[in-house]
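Position 94, counted from 1, in the sequence shown is what our numbering calls 88; the numbers after and before it change by one each time, with no gaps. The C-beta atom is built at its ideal place from N, Cα and C for all residues, glycine as well. For clarity, every value in this text was computed on a predicted model and none was experimentally measured.
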Amino acid sequence: MPSGKGIPSEAMYIRDFEKSLYEYCESRGVQFKKGTFSGLSDNLVSYKDTKENIRTVKCDMVVDCSGSNRMVLKETTHPRRNRSLAPGETTMQITTKI
């Protein structure tokens, strides 16, 4: 539907991109795990699982879906890398293909 602001009706919004990316990954066997972002280094991402255990996942690419929190971006530009977040500061989905 046209917005009246020059945005074409076929425009894709970030929520549409996230949904289609989620469906694509799910169809390729990616498992989604709920967790709280903890840190990023080289090809590893760390997160706290729902039981507050720190988990590390090897990755080639990270998609930051934390919205305006921009947690991965903040981590990569923060002078002290791999800092821990306060419990519940932000929650994001971590994916891994098994």
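Quiz prompt | Other residues of its chain near residue 56: CB distance less than 8 Å, five sequence neighbours each side excluded | solution = 34, 39, 66
Exercise. Check whether the Cβ atoms of residue 62 and residue 31 sit closer than 8 Å, and answer yes or no.
Key: no
Quiz item: Would the beta-carbon of residue 49 fall within 8 Å of that of residue 58?
Solution: no
Quiz prompt | Nearest residue (CA-CA) to residue 52, options 64, 45, 36 | solution = 36
Quiz item: How is the alpha helix (DSSP H) around residue 66 delimited, first residue to last?
Solution: 65 to 71
Practice problem: Could I get the ranges of all uninterrupted beta strand (DSSP E) runs contained in the region -1 to 62, with 3 residues as the minimum, in chain order? | Solution: 24 to 35, 38 to 42, 48 to 52
Exercise. Counting only the same chain and skipping the five closest in sequence on each side, list residues whose C-beta sits under 8 Å from that of residue 20.
Key: 26
Quiz item: From residue 71 to residue 64, what distance separates their C-alpha atoms?
Solution: 11 Å
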